[in-house]
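Peer 1: Just passing along the structure, written as structure tokens.
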Amino acid sequence: VAVKQVKKCSKNSLASRQSFWAELNAARLDHSNVVHIIAASTSVPANQDSLGTIIMEYVGNSTLHHVIYGTGSMAAREREKLSIARSVGYSCNIVGGLAFLHSQLIVHLDLKPANIFITEQNVCKIGDFGCSQKLPDAASGLQLRQQGGTYTHRAPELLKGERVTP
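Going by the numbering used here, the first residue of the sequence shown is number 10, and it counts up by one from there.
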């Protein structure tokens, strides 16, 4: 397992709480291409800078970012050129995970290579749901008041200030 202590953001504690609850919302998700959250606790944080703790499956420390840019503590086999077959496999994993999230009316809002974890079996799993939102229903979409996530990886509708839909 992996244990993540969710820290408060010094600039905006409301955003920190929302981020923590977004992670907890993801706890009910069960899909082979989504990092599985086992348990979470908001009671008595270890320190004042913590909102709580999330216990999740351990997926290793390799991400798609590491594979694309050749960074991190990757094994020699991972440093090899990314083949077309492996790229297609990774793409299918990511699309499968996204399709599942969207079927649950969850939009990730920070999907980027660093949030795609790669297991030792070369399976991609979507993780880090700190910016995610659950939509009330499929038709309504979501108008975001605050834009989170990584600017360089935002969807066009986020950049334009339009409603977000699955």
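No residue lacks a Cβ here, since even glycine has one placed at the ideal position from N, Cα and C.
None of the values given here were measured: they were computed from a predicted structure.
For A123, which residues from the same chain have a beta carbon less than 6 Å from its beta carbon, with the 5 sequence-adjacent residues on both sides left out?
Peer 2: So the list reads T72, H74, once near-sequence residues are dropped.
Peer 1: Let me make sure I understand the geometry here. Which of I125, G79, V97 has the alpha-carbon closest to that of K90?
Peer 2: Checked all of I125, G79, V97; the closest Cα to K90 is G79.
Peer 1: Taking the Cβ atom as the reference point for each residue, do K134 and N70 lie within a distance shorter than 7 Å?
Peer 2: No; because the gap between Cβ atoms is not below 7 Å, this pair is not in contact.
Peer 1: State the CB to CB distance for the pair T128 and V76, rounded to an integer number of angstroms; the pair is presumed to be in contact (CB under 8 Å).
Peer 2: With 8 Å as the limit, T128 and V76 do not qualify as a contact, their Cβ atoms being about 12 Å apart.
Peer 1: Count the other C-beta atoms from every protein chain shown that fall within 10 angstroms of the C-beta of I46, then say buried if there are 16 or more, exposed otherwise.
Peer 2: Classification of I46: buried, given that the 10 Å Cβ count is 16 or more.
Peer 1: Which complete alpha helix (DSSP H) runs does the region 80-129 hold, if anything under 4 residues is left out?
Peer 2: Fully enclosed alpha helix (DSSP H) runs of 4 or longer: 85-88, 93-112.
Peer 1: With distances taken from CA atoms, which of M65, Q14, P165, V12 is nearest L38?
Peer 2: Ranking M65, Q14, P165, V12 by Cα distance to L38 puts M65 first.
Peer 1: Note the first and the last residue of the continuous beta strand (DSSP E) segment covering L60.
Peer 2: Run containing L60: 59-65, per the beta strand (DSSP E) assignment.
Peer 1: Would you report the Cα separation of A147 and P175, rounded to the nearest angstrom?
Peer 2: So the two alpha carbons sit approximately 7 Å from each other.
Peer 1: How far does the beta strand (DSSP E) with C133 in it extend, from its first residue to its last?
Peer 2: Start and end: 133-135.
Peer 1: Going by DSSP, which residues form a beta bridge with A148?
Peer 2: DSSP lists no partner for A148.
Peer 1: Should I93 be labelled buried (16 or more other beta-carbon atoms within 10 Å of its own) or exposed?
Peer 2: Counting Cβ neighbours within 10 Å, I93 comes out exposed, since fewer than 16 surround it.
Peer 1: Using C-beta distances below 7 Å, list every residue in its chain close to N102, excluding the 5 sequence neighbours before and after it, in chain order.
Peer 2: N42, V132, C133.
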